[in-house]
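J.:
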Amino acid sequence: MKKLFALMASALTVFALASCGPDNPDNPDGPDNKIPALTLSAANIDVSGIDGECMPVIDNAAKTIKLMLEYGDKENTKALTVNFLNLPEGFTTEYQKTFNYADGATQTVTFKYGEQKAAEYVISVEVGAADPKFLTLTVGGLDAMGGEVRMASAASLSHLPVEFTVDPEDAIVTVGGNEIASGDELDFTDVLNGVTFTVSLGEASKTHKVIVITSGIRKAERVWAHYAQPKTVEDDWFQTVVTDIPFSGKYWLRSCAMDDKYVYLAQHQGAAYPAYVLSLADGSLVGRLNIEGVSVGTHQLSCIRTIPDGDGGYKILQCNLQAGTAALKVYKWDNKDAKPSVALEYTNSDGHRLGDKMEVSGTWKNGQISFVTSNATPRKVYVFTITNGTVSATPTVIPLSDYTAGSYGQIYKYSDSEFVISVAGARPKIYTVSGATVTAGDDFDSNIFSATDEGFNFFTFSDQKYMAFARLTGDLCDCSLRIIALNGENLTAAIKAIDGKNVFTYGLSDPNEFPISGYKSGNSLCDCTVREVGGETYIVAMSEGAGVSCFKLEK
20 MKKLFALMAS ALTVFALASC GPDNPDNPDG PDNKIPALTL SAANIDVSGI
70 DGECMPVIDN AAKTIKLMLE YGDKENTKAL TVNFLNLPEG FTTEYQKTFN
120 YADGATQTVT FKYGEQKAAE YVISVEVGAA DPKFLTLTVG GLDAMGGEVR
170 MASAASLSHL PVEFTVDPED AIVTVGGNEI ASGDELDFTD VLNGVTFTVS
220 LGEASKTHKV IVITSGIRKA ERVWAHYAQP KTVEDDWFQT VVTDIPFSGK
270 YWLRSCAMDD KYVYLAQHQG AAYPAYVLSL ADGSLVGRLN IEGVSVGTHQ
320 LSCIRTIPDG DGGYKILQCN LQAGTAALKV YKWDNKDAKP SVALEYTNSD
370 GHRLGDKMEV SGTWKNGQIS FVTSNATPRK VYVFTITNGT VSATPTVIPL
420 SDYTAGSYGQ IYKYSDSEFV ISVAGARPKI YTVSGATVTA GDDFDSNIFS
470 ATDEGFNFFT FSDQKYMAFA RLTGDLCDCS LRIIALNGEN LTAAIKAIDG
520 KNVFTYGLSD PNEFPISGYK SGNSLCDCTV REVGGETYIV AMSEGAGVSC
570 FKLEK
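The working numbering puts the sequence shown at residues 20 to 574.
1) List the residues that DSSP assigns as beta-bridge partners of C322.
2) Return the residue from the list N466, G235 and F390 that minimises the CA-CA distance to T415.
3) For A137, does the three-state DSSP call read helix, strand or coil?
4) Cα-Cα, which of G196, T382 and E145 is closest to L99?
5) I'd like to know whether the C-beta atoms of A239 and D254 end up nearer to each other than 9 Å.
6) Determine, using beta carbons only, whether C275 and T548 come nearer to each other than 9 Å.
7) Starting from the Cα of Y292, find the closest Cα among K448, N466 and C338 and give me that residue.
8) Tell me which same chain residues have a C-beta within less than 7 Å of the C-beta of S420, skipping the five on either side of it?
9) Would you mind reading off the limits of the beta strand (DSSP E) that contains K351?
10) Could you give the distance in angstroms between the alpha-carbon of P265 and the alpha-carbon of G159?
11) Just to confirm, is the Cβ distance from L297 to V282 under 9 Å?
12) Grab me the residues of P249's own chain with a C-beta within less than 6 Å of its C-beta, minus the 5 sequence neighbours each way, in chain order.
13) On the three-state DSSP scale, how would you describe K515?
14) Going by Cα to Cα distance, which pick from T456, M377 and I405 is closest to S441?
15) How many whole angstroms separate the CB atoms of L495 and L527, which I take to be in contact at a CB cut-off of 8 Å?
16) Output needed for T511: all residues of its chain with C-beta closer than 8 Å, excluding positions within five of it in sequence on either side, in chain order.
17) Name the residue from I191, E167 and E108 whose alpha carbon lies nearest to the alpha carbon of N212.
18) Once DSSP output is grouped into helix, strand and coil, what is the label at F570?
19) Per the DSSP calculation, I503 is bridged to which residue(s)?
20) Based on Cα-Cα distance, which residue from V229, S219 and A285 lies nearest to L176?
21) Just to confirm before moving on: does the CB-CB distance between G331 and W383 stay below 9 Å?
22) Flag this pair as yes or no: are the beta carbons of A121 and K97 separated by less than 9 Å?
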């Protein structure tokens, strides 16, 4: 920068170089021309005691030297040091090298040639206009120098702390004509217009607009719910509607599913019991699935799921539970009123227990159905591919190294390269996929996650990734929905980054109190499902001993 100023100064100098020559060129040898002429340039001047740059402007005809300084050096003009360098041979100076040039003060410097006065120049200083600006600016602890801040919708935009530093230090910051200080709280609820800051000093000012863009969940609003043993409401739907659940132990609710109109609750038991069909809009019971032709299995009907059909609708899938060598079956319903058909019949010759839980991904035209064994050591995943509505009868079997604990389990797909295995009684574990190689990764942190966390769903809401799941607590007598933001380049990094803070938690046993002591889940299972319907995101979570709740996410 100093070189740049020096070049600019040279252009402004009346005579570009310092030189010697006769005062009267018409009579160079005359007796009155013994003192050579003096011409100064920026190269002859050095200024110290400043923080910024200096541009000397020299007028050799008027014999003036104007030192152009940046505004930041305004205070330094009170003790500015000027040195003259590389003067022609024989020239000396008389002046005060360090001088107070503040408030328009000037100093005359005398140049001598030998003992004779050769010239007098007047030195003055001109300070540039202020360029007030933010050096740093944060809103809610997030960098706002770019004019845009993204934060979770759960944050209160009406009282966001603003912290800043400015240059020059004595510049003031105003919003709407009112001066503010670093640390003040401002209202950013106008997400369209944001907040405009003005940084000013004297007549100079600069504006800086900041818009806060919210992403993610502000809250989950309970749309409807049914409870097993509530404390603050009369709803005892599980006792009066759901047959013998959970009291006799004959009927178990282990899983739930959802499409664009209905919620499905599956009953698990030796005989075939039809799943309950509830209205997604209000939770009312609208019917039960037809089970004509359903047969075979330790539990003839078990886990229920829905899968997009690829044409804007859904198929309903429900498997049996097979603990022996008989056939593992998956039944398909085209809608809630249809009769079931057999979509998969697999001869379970290995005798592994399959069907406690079932995972579906993709669509009915291009998808997968997956099961995790409950009695193999190590655990295994059976993956059946779906192609144009046909389920392959030959699975891909994936051994899961380093996973032997727990009982009933499920695979939860995060991406093509990562999935989670979670079983009742053991902590969830991440596995990575590279081609045909599956590698055991990290366990979920035991300080944050539980061995009774189930029904993992990974989804994005308002530009923020999340994980939702159900958790049994209180000796399996209570259950809650948990929603946690995921931040990381992959699932492994995102899980490691979770610190247990800012977890959305909603009890399923009562709308107002949590935790409470409900009925114990006889099989240590709960479930959760997430679906986007008409631009809205819904979560249904349930446990037989607590109840079922439907939530709608709000920004």
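Where is the CB? At the ideal position from N, CA and C, for every residue including glycine.
Computed from a prediction, not measured in an experiment: that's the story for all the values here.
T.: Considering the structure as presented:
1) In the sequence shown, residue 322 corresponds to position 303, counting from 1. In the DSSP output, where bridge partners are listed per residue, C322 has none listed.
2) Locating residue 415 in the sequence shown gives position 396, counting from the first residue. Among N466, G235 and F390, the Cα nearest to that of T415 is on F390.
3) Sequence index remark: in the sequence shown, residue 137 carries index 118 (1-based). The answer is strand: DSSP assigns A137 an E or B state.
4) In the sequence shown, residue 99 corresponds to position 80, counting from 1. With distances taken between Cα atoms, L99 lies closest to E145.
5) Translated into positions along the sequence shown, residue 239 becomes position 220. Translated into positions along the sequence shown, residue 254 becomes position 235. Not closer than 9 Å, so no.
6) For the purposes of this step, residue 275 is identified with residue 256 of the sequence shown, where counting begins at 1. For the purposes of this step, residue 548 is identified with residue 529 of the sequence shown, where counting begins at 1. Yes, the pair counts as a contact, with Cβ atoms nearer than the cut-off.
7) Within the sequence shown, residue 292 is the residue found at index 273, counting from 1. Nearest C-alpha to Y292: C338.
8) The sequence position of residue 420 within the sequence shown is 401, counting from 1. Around S420, the same chain offers P397 and A459 as residues with beta carbons nearer than 7 Å, after the five sequence neighbours per side are excluded.
9) If you number the sequence shown from 1, residue 351 lands on position 332. Residues A346 to W352.
10) Numbered from its first residue, the sequence shown carries residue 265 at position 246. Numbered from its first residue, the sequence shown carries residue 159 at position 140. Note that P265 scores a pLDDT of 45, beneath 50, so its modelled location is shaky; the value from the coordinates is reported in the next line. If you take the alpha carbons of P265 and G159, they lie about 47 Å apart.
11) Counting from 1 along the sequence shown, the entry for residue 297 is found at position 278. Counting from 1 along the sequence shown, the entry for residue 282 is found at position 263. Their beta carbons are under 9 Å apart, which means L297 touches V282 by this criterion.
12) As a working mapping, residue 249 is identified with position 230 in the sequence shown. Within its own chain, the residues whose Cβ lies closer than 6 Å to the Cβ of P249, once the five positions on either side in sequence are excluded, are D529, listed in chain order.
13) Along the sequence shown, read from residue 1 onward, the residue named residue 515 stands at position 496. Helix.
14) By 1-based counting over the sequence shown, the position of residue 441 is 422. Out of T456, M377 and I405, M377 has the C-alpha closest to the C-alpha of S441.
15) Counting from 1 along the sequence shown, the entry for residue 495 is found at position 476. Counting from 1 along the sequence shown, the entry for residue 527 is found at position 508. With 8 Å as the limit, L495 and L527 do not qualify as a contact, their Cβ atoms being about 13 Å apart.
16) Stepping through the sequence shown from its first residue, residue 511 is reached at position 492. Closer than 8 Å at Cβ, skipping near neighbours: E437, I449, T451, G460 and D461.
17) Indexing the sequence shown from 1 puts residue 212 at position 193. It is E167.
18) Your numbering for residue 570 matches position 551 in the sequence shown. Three-state DSSP puts F570 in a strand.
19) Here residue 503 refers to the residue found at position 484 of the sequence shown. Under DSSP, I503 shares a beta bridge with M486.
20) Here the question's residue 176 lines up with position 157 in the sequence shown. When only C-alpha atoms are compared, the closest one is V229.
21) Along the sequence shown, one-based indexing puts residue 331 at 312. Along the sequence shown, one-based indexing puts residue 383 at 364. For G331 and W383, no; Cβs fall outside 9 Å.
22) Stepping through the sequence shown from its first residue, residue 121 is reached at position 102. Stepping through the sequence shown from its first residue, residue 97 is reached at position 78. Going by C-beta atoms, A121 is nearer than 9 Å to K97.
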